[in-house]
Each structure stands twice: as C-alpha cells, then as structure tokens.
Ligand code: PGA
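Numbering (the UniProt record's numbering), first residue to last: 135 to 363.
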C-alpha cells in the first residue's frame, strides 16, 4: 500500500472541465490535493467545443464534460447526474405556475450561451426534438453572465442545476416547472482512447468515479407533483 501511494504522490495532472463543471470541480481538486499533496494540479475551464480540441490535441490528461465527443475517439464514463432546468427571475409571470406547456415556454425569449457551448447544444436539441424552436435573445459566453441577464429580465434560459445553487438559495432566480424538464443529462469523465494514464491521472479517475457525486453539493431537484395531489 505504501509503495503504490508513493508512486501516486508525485507528478503533474492536467484536468480540463466544462464551464458548468467548474461550479464543483475546485471542490474535487481540493479534496484530491489533500489526499495527494505531492501532485501538481492544473485546471483548465472552458466550453465544450474547446474541450473537444484539447482531447483531440492530447493536451490534457482528463476531461470532465457533458456529452462526450463523436469526432474524437475517447473513453468515457458517467460520474454524475446533470439536470438542465429553465430559469426565470422570481417576479416572472410564469414563476409559481405548475406544468407549464412547452408550447408556452417557446413563446419566451431565451438568453443564449455561445456557439460551442454544450449547454446551448443540449438546449437547442431539447426543443428541436420536440418540434419547437426557441427565440434567441442576447448571447453571452459565461454562465455568470447568463444568470445576471435572466435576473435582469432579458429572458429565460436553460442552465445546469449545478450553476444556480447560490441563486436558488438566495431566491435571485427560480426554476420554472416546465413540461418535460428537467432535461436529465449526465457528466462524463473522458480521455483520449489509447491514452496511457499516469498514476496521478488514474488516481484522479478513481476518485471522481467513486466520490464526485457525493462531494458536489447535493442538489434538491425540482419535484414534479401531480396536479391532482
Ligand atoms: P458548456 O459546458 O456549456 O460550458 O460547454 C456544459 C456541457 O458541455 O454540458
């Protein structure tokens, strides 16, 4: 046991995460670092499209992201749930409504993430699969900007529950009860196929698969209550 620990407790580890994973990734790294203080950790935070480039260029050890790419050959393993929800400012007319039909939601303007965002892709796919298109409002490259914009009344948006923990707690945003939501996505740990993982990378992979879900703040998913009790 001591020998294998020694082997792991050195070296460098580069992890790249989607901007949405960033809401809990530093917490994971902090715990991992305490366990393996000799490993030098580097974190890259970016959107889905850039993560795919990093995988393609073999530029990082491990990636934590939404849907794994199809254009690069990768190994991928699910490590956690990633529900997407519709958010609105607390004073929005639809806040507090039950079972809002998708056709009603499609009349609203949506604040969009940039092209290349996995969240944006999932959101567009979600509506397209149901024969609906959404009205694009302002576009922005950060989850933080999207949340501020929604709060300021620029439109609704679809975001990962993991990005709005604090806003829900302080009631700066509310989750709307929309038909077919939450969109139940998952997080994946991804690396290039055939990549030889270093001992540090292997240790991190095991850590994420075994413990990430319980470390990332437990999120209270919006419960669907049947209309008739
Ligand atoms: P992104 O990440 O929207 O920042 O690209 C989220 C995802 O890929 O799910």
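Where is the CB? At the ideal position from N, CA and C, for every residue including glycine.
Worksheet item: Exposed or buried, which one is residue 227 when buried takes at least 16 other CB atoms within 10 Å?
Response: Position 93 of the chain shown, counted from the start, is the residue given in the question as residue 227. Burial call: exposed.
Worksheet item: First and last residue of the beta strand (DSSP E) that includes residue 213?
Response: By one-based count along the chain shown, residue 213 stands at place 79. Residues 208 to 222.
Worksheet item: Under the DSSP definition of a beta bridge, which residues are partnered with residue 234?
Response: Indexing the chain shown from 1 puts residue 234 at position 100. The partner list for residue 234 (beta bridge, DSSP) reads 312.
Discussion item. Any heavy atom of the ligand PGA closer than 7 Å to the beta-carbon of residue 205?
Written reply: Position 71 of the chain shown, counting from 1, holds the residue named residue 205. Outside the cutoff, so no.
Worksheet item: Any heavy atom of the ligand PGA closer than 7 Å to the CB of residue 154?
Response: Position 20 of the chain shown, counting from 1, holds the residue named residue 154. Answer for residue 154: yes, Cβ within range of the ligand PGA.
Item to complete: Excluding the 5 residues preceding and the 5 following residue 192 in the sequence, name in chain order all residues of the same chain whose CB lies nearer than 8 Å to its CB.
Response: For the purposes of this step, residue 192 is taken as the residue at position 58 of the chain shown. Cβ within range, chain order: 326, 329.
Discussion item. Just to confirm before moving on: does the CB-CB distance between residue 199 and residue 218 stay below 8 Å?
Written reply: Stepping through the chain shown from its first residue, residue 199 is reached at position 65. Stepping through the chain shown from its first residue, residue 218 is reached at position 84. Their beta carbons are not under 8 Å apart, which means residue 199 does not touch residue 218 by this criterion.
Practice prompt. Please determine, among 160, 342, 223, the residue with the shortest C-alpha to C-alpha distance to residue 283.
Written response: Indexing the chain shown from 1 puts residue 283 at position 149. That would be 223, whose Cα lies nearest to the Cα of residue 283.
Item to complete: Report buried or exposed for residue 168, applying the criterion of at least 16 other Cβ atoms within 10 angstroms of its Cβ.
Response: Within the chain shown, the letter at position 34 stands for residue 168. It is exposed - the Cβ of residue 168 has fewer than 16 other Cβ atoms within 10 Å.
Practice prompt. Quick one: using the 10 Å Cβ neighbour count with 16 as the cut-off for buried, is residue 84 buried or exposed?
Written response: Because the chain spans 135 through 363 in this model, residue 84 falls outside it and cannot be assessed.
Discussion item. For the ligand PGA, is there any heavy atom lying closer than 7 Å to the beta carbon of residue 297?
Written reply: Within the chain shown, the letter at position 163 stands for residue 297. Incorrect: residue 297 has no Cβ contact closer than 7 Å to the ligand PGA.
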